[in-house]
Structures are given as C-alpha cells and as structure tokens.
Amino acid sequence: MPATSTQTLARTVIYAALIIVTAGLTVAMLLLWQNIAERKEEARQLHFRLVELTEDIVDPAEWGKNFPRQYDGYRRTVEDTRHGGSEAPPSRLEKDPLLKLIYAGHPFAVDFREARGHAYMLRDQDVSERTKRFPQPGSCLHCHSTPLQAYRQHGRQAGIGDDRPWEQLIKGFEILSTMPYERARAFVSHPVACVDCHEPRTAQLRVTRPAFLIGIRQLARSQAPVPHLPSIAKWRQEHQAHLQAGRPVPEYDPNMLATRQEMRSFVCAQCHVEYYFRKPDKLLVYPWRAGLQADQIEDYYDRLDGDGFSDWTHAVTGAPLLKAQHPEFEMWSQGIHARSGVACADCHMPYRREGAIKISDHHVRSPLRQINVACQTCHRFPEQELEARARSIQERTLALVSRTEKALAELIEALNSGKQRGADPQTLARASQAHRRAHWRLDFVMSENSDGFHAPHEALRLLAEAIDYARQGQWAIASPSTR
Amino acid sequence: MANAPKILLFILVGLLTGISGYTFHFAEGFSYLTDDPRACVNCHVMRDQYESWQKASHHAVAVCNDCHVPQEPLARLGAKLRNGYAHSQAFTLMDFHEPIRIREVNRRIVNDNCVRCHSALVAEILPHKGAADPSWNCIQCHTASGHGPPR
C-alpha cells in the first residue's frame, strides 16, 4: 500500500513540523519573557555598594566598582577627541604663525596646542614645554590633578585639625600652590577624579576646589548681576537682610545653597574659568570680584594692587598684557543657554539610556558628537539643521578671530616701529594701552573652548572691540597729533 | 504509539499557551486596556514623559489616552494595537531614536484631541479642511501644554 505509507509519511512530517514550530515559538516566548524580566530588573536601578567609599579613596577605579556605568564613560575621555593634546603635532603656532608674534615673551609662544580629553590633563601638563622650560607653581595642579586629599594632608600637617575643614583646605591649598611645580607634583597622582565633584557617601554633587569656592564667594559679594545663578541672587537678598538687622553674615556656600541645576554647571566651573597667579607667591586666584564679563574682569585687573596687574610683558612692544586662560564658565554666563537655565552638564554630559536605566554621560565631550541627546531634547529640529546652526556660529567667530589677529599683529608692528622712530612717550603709552585692551579681548575669545558658541553675541562684541582698539593704537602711532 | 506525536504536540501547545499567558501577565498586558497613565510607565522608558505630564497644565484635565489615542472605540483599539506593537518592538530591540519623538500619524491624533476639547475656542480659526489639514498643528506653538517646557 504505497498510498497509506505516503499518507503516514506525510502525517509524520506534518506532526514533526508542527512540533518544531511550536517548540520554536515556545523558545521565542521564553526569550521575550527573559527580555522583559531584564528590562524590569534594569528599571529598578539597583545600586551595589561593593566598596565603602570615603574621602581618602581618590582612585576612580575604586569608585567604578560601585558606579560601573559612570566609570565606563569617564574612562572613555581618552578617545573621541579631535585634537592631540601636548604630544601631538602640529602645534597651533605652526598652523597660525601670527600667534608667535601675538604671544611673544609668553610661554604660549613656545608651546601652544589644542586640548584633549579629561583623561590626559595631568599627562599633557607634564609634557608641555610650558612646564618643562619655564618655572611653574604648584597652583597648576589645582585643576590638572585631583588635589583635594593632598590639600587636606598639608593643612593637617600645618597644624589645622579636622574640626576646621575649611581652614585646613585653604591652608593646604596655599602651601601646595606656592611650591614649585615639580615638588608639588609628587603629592598628586590622578587627573580629575570622582571625589572632585561627588560626595563619597551619597554621590551627591559638590564643589571642592578652593580657588572656585573663594572666587564664587567674591562674585556673590559683588554687585554684578548674575541672573543665571538664582541662588546667588537669593543669598544677596538675605545678605542685605542680615546686614540691616545687624546680624553676622554667613558667606555664600554653593554646596549648601546652590540648586541642583546650578551645581551641574558649578562642578565644571571649578576649572573651566579665567584665572591668574597672585604676585609674588603665585597663588591661584579667580578674578570675579567685579563680575564675570570680560570687561568686568579687565576692570578688576586694571585696579589690582593700585597700579594694575599684568600676566606678562610683551617682548616686542613692552605692553603689560593679560593672558586669558580658558574662560568657558564666564563666556557661558553671557549666553542664551545660561539665561535659559541650561547647565554645562545638560549638553556636555547629557542623560542617556542604557537599557531602562537613565544615566548622565560621564564621557564628557563636545555636544556636536551626539547632537540627538545633547541638543534635540530641547530643540526639535533635524540633527543636520542643529549642526549647521552651531557650525555657522563657530565659523563666523573664527573668521573674525583671524581678522582680529591680523589687526593686532599690525598694531604690534606699528608700536615697534614707533618705538624705534622715537615717538613721544604719551603716544607710545596710548598705543600700549590699546594693545593691552585689544589683546585681552582677542585672547578671551580665542582661548575660550567653544569658538564663540557659548555666547555668540558676546564673542563677536569682544572681537569687534579688539579690532577697534588695535586700529586706535595704530592710528595713535600713525598720527600722534590727533587723538 | 501512533498517538505519541499528537500527545507531544498537545503538551507543547499547552506549554506554549501557559508560557505566553504568563509572559503576558508578567508584562502587565491587561493594564494596557485601561486608561491609567501608570500603564504607560510600565516599561520606564516613558518616565520622562510621565513625570513631565504630572508637572504640566493638562495634568488636571487629561490623562495619556485623552490626547494620544482616538476616542472612537474601534479607532482607539487600532491605535493601541499599532502603537503597542511598535513600542514593544522598539523596547525589545532598543533601536529607537533618542530622544523619543512622536510620529506624524500620532501627532495627527493629538491634534484631533486638542480640537475635540477646545473646539469652542478654535472653531473660528480652524482651516477650511478642518483639523485634518496637515498644516494645522497645535503643538508647534503650544509645546508646553502636555509635558511642560522642554528640558
């Protein structure tokens, strides 16, 4: 009976197929169940405290055992940088020869390179010609390392007990900062670490760097408007009330008073700021006593110690100049994002999803590297559109920067030839003052790490003023009789 | 033992039904038939949307389903099935765009629901084609009504 055997075979095949399909579906359903279970598990945001963290644990790897996701991001600051730091050619001096003239007499005329990721901050400091060939103070380590523990230790050794933490910290900061760089370097071992921005027991945000803590107190005590920092405005009101009632006035303390959103900028503002080394001991100071705007900072420098402060004397013109450092916090403070309540971390450490978990990205980097999470959370436009907007701001700023450099270089040459011709001292003083004003404005924009993006109008305003000052100085030399 | 394959098949089908039923229960499948906004944060991906809705003006008068699904029973079920499938797939494979953005078809639904409640106010300014006109987009300007200011 071939018919029957064919039928049996067909039935067997159908059964076998049905069994295989059903078994496959069962497996698929189990996989789905497993996936749902995983997502539910992730959503619980379980936190395993494997290490008991304390103030004395500086090594980020230890913190990473409790916070593996954040640590992963932190470690990735070694990669994804457009620039090569202190080890990579070409230096900016080769790309832009005018810089050698503009910075003549300053260590930046010897070595000037693009910055790179956080992970390299200490290494790049060690290998820069600016520390190798010029004597630098321990102040540099305030931001190029994680110095908190070393400060406390030195404060303790100077006889200030743990019951006075503020005095201990400040004392240690003063001791370490005024040492020669090489000596102070032996007391620190890590670039920026978890403990700089997080309280060890709760992981709460905090600010720890002494120069910032002192600087922000002075800013709070000033009259300068800071509409983007509501807790300072509130403190000022209370400050007034205390004064009127004749009560003692507590200082502004960001760790107690700042909102969480302000803290998400303050942790960055601990270092991404304008600063100077106090004379003669080279202690690090943030110049915020008159406000955060470039003009206010310049005003502060002009009045410092009666006859004004200068970072260095220009080798060609002899003008007493200011070197702007990296005033990101100050520039951001002038921009629309700060006024809208957007913090540094919103764009540079945006929230991202890992499974069902939401974490802030500790791979700190340019927002243009992840426009979707950095920008689109607020700006509902396509990525290409957002990138084009950012790039147009940066390209316009850079075009004006190079125009300003040329104007400044021409002023330097005019001043030089004026000196050699033996122009009258009044004329030279006027041109030299113009050099100081123009250089400060150009440097403030050029050294700030956003190519104008943090505050586009402010950047262009400063460059316009810089060009005006440069041409005024040139004009003074060219026709000394006119004003 | 001619029945052996049949019995095995029955066992397997039973197993599949049981596991599927349990998975459905485990995933809180029935909650999606309700109007409870908490169902929308079952999978936690929508936590931002849920929390921002709690802090926005419409919190007092509208839940998720008042704005995000049609109100006619059949269309409502259709939208829930369509979005339910899309969301499950996206959350299982984790292949969706960040930040999450509303699709055009769903934006139309939201728009219709704006007009449903606010028709007395907007009747005079509706375009000739009515709310179905694609150029008519309430949330282009009223961005903060449902979920507060963008953050």
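Here the protein sequences come in this chain order: X and F. Everything in the first sequence is counted per the numbering used here, starting at 1 for the first residue and increasing by one. Everything in the second sequence is counted per the numbering used here, starting at 1001 for the first residue and increasing by one. Glycine included, each C-beta is placed from N, C-alpha and C at the ideal position.
| query | result |
| --- | --- |
| When the Cα of residue 446 (chain X) is compared with those of X:38, X:398, X:49 and X:12, which residue comes out closest? | X:398 |
| Determine the DSSP secondary structure at residue 106 (chain X), reduced to helix, strand or coil. | coil |
| Please report whether the beta-carbon of residue 292 (chain X) lies at a distance below 8 Å from any beta-carbon of chain F. | no |
| Provide the residue(s) that pair with residue 62 (chain X) in DSSP beta bridges, ordered along the chain. | According to DSSP, residue 62 (chain X) bridges with nothing at all. |
| Find the residues of chain X that neighbour residue 1114 (chain F), judging by a C-beta separation of less than 9 Å, and give them in chain order. | None at all; the shortest Cβ gap to chain X is about 17 Å. |
| By Cβ distance, which residues of its chain are closer than 6 Å to residue 1138 (chain F), with the 5 residues on each side in sequence left out? | 1111 and 1114 |
| What whole-angstrom Cβ distance do residue 29 (chain X) and residue 1012 (chain F) have, given they're in contact under 8 Å? | The pair is not a contact, with the Cβ atoms about 12 Å apart (cut-off 8 Å). |
| Scan the stretch 1010-1048 of chain F and note each continuous beta strand (DSSP E) run of 3 residues or more that stays entirely inside, going in chain order. | none |
| Let's see if you can read the secondary structure: which residues bound the beta strand (DSSP E) around residue 354 (chain X)? | 351-354 |
| Are there 16 or more other CB atoms within 10 angstroms of the CB of residue 418 (chain X), so buried, or fewer, so exposed? | buried |
| According to DSSP, simplified to helix, strand and coil, what is residue 235 (chain X)? | helix |
| Between the stretch 455-472 of chain X and the stretch 1026-1033 of chain F, can you find at least three pairs of beta-carbon atoms closer than 8 Å? | no |
| Have a look at X:155, X:311, X:322 and X:277 and flag the residue whose alpha-carbon is nearest the alpha-carbon of residue 294 (chain X). | X:322 |
| Quick one: does residue 1039 (chain F) have its CB under 8 Å from some CB of chain X? | no |
| Using DSSP bridges, identify the partner residues of residue 360 (chain X). | X:351 |
| Identify each residue in the stretch 378-391 of chain X for which the Cβ-Cβ distance to at least one residue of chain F is less than 9 Å, and report them in chain order. | 378, 379 and 380 |
| Cβ closer than 8 Å: which chain F residues qualify as neighbours of residue 209 (chain X)? | Residues of chain F passing the Cβ test: none, with the nearest at roughly 28 Å. |
| Drop a sphere of 10 angstroms on the beta-carbon of residue 1104 (chain F), count the other beta-carbons inside from all chains shown, and report buried for 16 or more, exposed for fewer. | exposed |
| Quick one: using the 10 Å Cβ neighbour count with 16 as the cut-off for buried, is residue 1150 (chain F) buried or exposed? | exposed |
| Tell me, to the nearest whole angstrom, how far the beta carbon of residue 51 (chain X) is from that of residue 149 (chain X); I am working on the premise that it is less than 8 Å. | Actually they do not touch by this definition, with Cβ atoms about 16 Å apart. |
| Check each residue of the stretch 19-32 of chain X: if its Cβ is closer than 8 Å to any Cβ of chain F, include it; give the result in chain order. | 19, 22, 23, 25, 26, 29, 30 and 32 |
| Measuring CA to CA, which of X:260, X:210, X:257 and X:154 is closest to residue 271 (chain X)? | X:210 |
| With distances taken from CA atoms, which of X:345, X:360 and X:376 is nearest residue 506 (chain X)? | The structure shown does not extend to residue 506 (chain X), since chain X is modelled only from 1 through 483, so no value can be given for it. |
| Here's the rule: buried if 16 or more other CB atoms are within 10 angstroms of the residue's CB, otherwise exposed. What is residue 151 (chain X)? | buried |
| With the cut-off set at 8 Å, would you say residue 968 (chain F) and residue 1095 (chain F) are in Cβ contact? | Given that chain F is displayed from residue 1001 to residue 1151, the structure contains no residue 968 (chain F) and the question cannot be resolved. |
| Look at the alpha carbon of residue 475 (chain X) and the alpha carbon of residue 396 (chain X), and state the distance between them as a whole number of angstroms. | 27 Å |
| Examine chain X for any beta-carbon lying closer than 8 Å to the beta-carbon of residue 1000 (chain F), and answer yes or no. | Because chain F spans 1001 through 1151 in this model, residue 1000 (chain F) falls outside it and cannot be assessed. |
| How many Å lie between residue 374 (chain X) and residue 228 (chain X) at the Cα? | 20 Å |
| Answer yes or no: does any C-beta atom of chain F fall closer than 8 Å to that of residue 474 (chain X)? | no |
| Quick one: what does DSSP say residue 486 (chain X) is sitting in, helix, strand or coil? | One cannot answer for residue 486 (chain X) here, as it falls past the ends of chain X, which runs 1 to 483. |
| Determine, using beta carbons only, whether residue 376 (chain X) comes closer than 8 Å to chain F. | yes |
| Per DSSP, what kind of secondary structure is residue 454 (chain X) in: helix, strand or coil? | coil |
| Do the stretch 278-285 of chain X and the stretch 242-258 of chain X touch if we need at least three Cβ pairs shorter than 8 Å? | no |
| For residue 463 (chain X), count neighbouring C-beta atoms within 10 Å of its own C-beta (all shown protein chains included) and say buried if the count is 16 or more, exposed if not. | buried |
| Looking at the strands, I want to know which residues DSSP matches up with residue 285 (chain X). | X:276 |
| Would you kindly report the start and end of the unbroken alpha helix (DSSP H) that includes residue 1067 (chain F)? | 1064-1068 |
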